[in-house]
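Residue numbers (this note's numbering): 1 to 406. What follows is one structure encoded as structure tokens, with my remarks underneath.
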């Protein structure tokens, strides 16, 4: 996996230093005249819900205006039918958030809106700006008043205050000042724009919908539910400006080096997505293959920690020859424990999330395969559950390389 992106692990360490964040989801749609544009955006958010559950928002543009609705919680909690009915337009931008910079409050829910000299804009961001404080201080000296603590508001105001008349030039100007990871969706009342930082840290792809319409999304898994076909990824350092039937590419910065986040392959991304031209599911199965060769063990059953551990465990079982089985039943109504905002809530969520299947594991030597250990908050309680259910031996195998020297 690392031949094409040899700096993945360095990116992973930097993400760990920032509490392993910036896993938000972005989806934008340009489809003039579509009666259900806001619902298509909602379906896109639903497919990206695994990337963040703290807040959700949709902005739509038409007739020179941008309307916005945001709220705290899951997309299903934020949007009622009457909210979607009110959001009528030609272009839409949607976002689900996991907070990394800025607290978990409604003021930090995205998209953010602002006035550029060419008209209103809305911005949704997946990433982290390393120099957000420096940029914020500079903008405040220039008279900008901030309403939130998110770095996304900083980059939104940076674009809005640009002296360039064309929005693409204003974005390019801002890119030259931003340092860090950013995959952006931006809308005007008539355009859909995708932007990616020069290292390509976070994914962002383009899809086509019904000929002249366009979609952008953090992952390809958001394209299928709305009937879009994959076109290509946004290249690192590129601005892609989309209007009906037309795609304009502006390569603002040539990539110095590609530095994808390895955690997209290990955990963040949905297994049916393709990122950097590779299948997430197949990548995780191959990680399981390698893990079985590097850390063999004599056991009775290979079992995953669901759900992200499943393809890793499948791969381990294929190479080891040990039968694959299910040892945990997951409560489907409990959300990801890792991306809960507090460690206390993550710890309390483990027993609600997983129930050991006693009949399958009692008296057996188990190989328990998980995708990663970050804080270790959930690993101990998971092992305790298996012991309580009568497991004879428990051998833990982790696909993610150990985090060293972050």
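Here a beta-carbon is modelled for each residue, glycine too, at the ideal position from N, C-alpha and C.
Cα separation between residue 82 and residue 96?
-> Within the chain shown, residue 82 is the residue found at index 82, counting from 1. Within the chain shown, residue 96 is the residue found at index 96, counting from 1. Rounded to whole angstroms, residue 82 to residue 96 spans 20 Å at the Cα level.
Between residue 127 and residue 202, which are expected to be in contact by the criterion C-beta below 8 Å, what is the C-beta distance as a whole number of angstroms?
-> Sequence index remark: in the chain shown, residue 127 carries index 127 (1-based). Sequence index remark: in the chain shown, residue 202 carries index 202 (1-based). With 8 Å as the limit, residue 127 and residue 202 qualify as a contact, their Cβ atoms being about 5 Å apart.
In angstroms with no decimal places, state the Cα-to-Cα distance between residue 284 and residue 361.
-> For the purposes of this step, residue 284 is identified with residue 284 of the chain shown, where counting begins at 1. For the purposes of this step, residue 361 is identified with residue 361 of the chain shown, where counting begins at 1. Taken atom to atom, the span from the alpha-carbon of residue 284 to that of residue 361 is near 24 Å.
Compare the C-beta of residue 305 with all C-beta atoms of chain D and state if any pair is closer than 9 Å.
-> In the displayed structure, chain D is absent; only one protein chain is listed.
Does the beta-carbon of residue 294 have 16 or more other beta-carbons within 10 angstroms, so that it is buried, or is it exposed?
-> In the chain shown, counting from the first residue as 1, residue 294 sits at position 294. Residue 294 counts as exposed, since fewer than 16 other C-beta atoms from the protein chains shown sit within 10 angstroms of its C-beta.
Taking Cβ to Cβ, would you say residue 271 is nearer than 9 Å to residue 43?
-> Translated into positions along the chain shown, residue 271 becomes position 271. Translated into positions along the chain shown, residue 43 becomes position 43. One thing to note: residue 271 has its Cβ no nearer than 9 Å to the Cβ of residue 43.
Under a three-way DSSP split, which group does residue 66 fall into?
-> Taking the first residue of the chain shown as 1, we reach residue 66 at position 66. In the structure shown, residue 66 sits in a strand (DSSP, three-state: E or B).
Would you identify the three-state DSSP class for residue 401, choosing helix, strand or coil?
-> As a working note, residue 401 is residue 401 in the chain shown. Three-state DSSP puts residue 401 in coil, outside helix and strand.
Beta-carbon proximity list for residue 330, same chain, < 7 Å, skipping 5 on both sides = Numbered from 1 along the chain shown, position 330 holds the residue referred to as residue 330. The residues are 306, 307, 353, 354.
Exposed or buried, which one is residue 198 when buried takes at least 16 other CB atoms within 10 Å?
-> Along the chain shown, one-based indexing puts residue 198 at 198. With 16 or more other Cβ atoms within 10 Å, it is buried.
Contact check, residue 152 vs residue 125, beta carbons under 9 Å | On the chain shown, residue 152 is found 152 positions in, with the first residue counted as 1. On the chain shown, residue 125 is found 125 positions in, with the first residue counted as 1. It is a contact, given that the beta carbons lie within the stated cut-off.
Report the three-state DSSP secondary structure of residue 308 (helix, strand or coil).
-> Along the chain shown, read from residue 1 onward, the residue named residue 308 stands at position 308. Residue 308 falls in the coil class under three-state DSSP.
Between which two residues does the beta strand (DSSP E) carrying residue 251 extend?
-> Stepping through the chain shown from its first residue, residue 251 is reached at position 251. First-last of the beta strand (DSSP E) with residue 251: 246 to 251.
Under the three-state DSSP convention, the category residue 391 falls into = In the chain shown, the residue the question calls residue 391 occupies position 391. Residue state, collapsed to three classes: coil.
Endpoints, the alpha helix (DSSP H) within which residue 92 is located = On the chain shown, position 92 is the one that residue 92 refers to. Per DSSP, residue 92 belongs to no alpha helix (DSSP H); it is in the beta strand (DSSP E), 91 to 97.
Short check: CB of residue 325 to CB of residue 302, under 9 Å?
-> Taking the first residue of the chain shown as position 1, residue 325 is located at position 325. Taking the first residue of the chain shown as position 1, residue 302 is located at position 302. Going by C-beta atoms, residue 325 is nearer than 9 Å to residue 302.
What span of residues does the alpha helix (DSSP H) with residue 450 cover, start to end?
-> Residue 450 cannot be examined here, being either before or after the span of the chain that is shown, 1 to 406.
Can you tell which of 25, 56, 60, 46 has the C-alpha that lies nearest to the C-alpha of residue 33?
-> Here the question's residue 33 lines up with position 33 in the chain shown. Comparing alpha carbon positions, the residue from 25, 56, 60, 46 closest to residue 33 is 60.
Cβ-based burial, residue 142 [other Cβ within 10 Å; buried from 16] | Counting from one through the chain shown, the residue named residue 142 turns up at place 142. It is exposed - the Cβ of residue 142 has fewer than 16 other Cβ atoms within 10 Å.
Kindly list the residues whose CB is nearer than 7 Å to the CB of residue 230, restricted to its own chain and excluding five residues on each side of it in sequence; keep chain order.
-> As a working mapping, residue 230 is identified with position 230 in the chain shown. Result list for residue 230: 205, 207, 220, 223, in chain order.
Residue 366: first and last residue of the uninterrupted beta strand (DSSP E) it sits in | If you number the chain shown from 1, residue 366 lands on position 366. Residue 366: member of the beta strand (DSSP E) spanning 365 to 370, first to last residue.
Span separating the alpha-carbon of residue 260 from that of residue 183 = The count along the chain shown starts at 1 and reaches residue 260 at position 260. The count along the chain shown starts at 1 and reaches residue 183 at position 183. When rounded, the distance between both Cα atoms is 12 Å.
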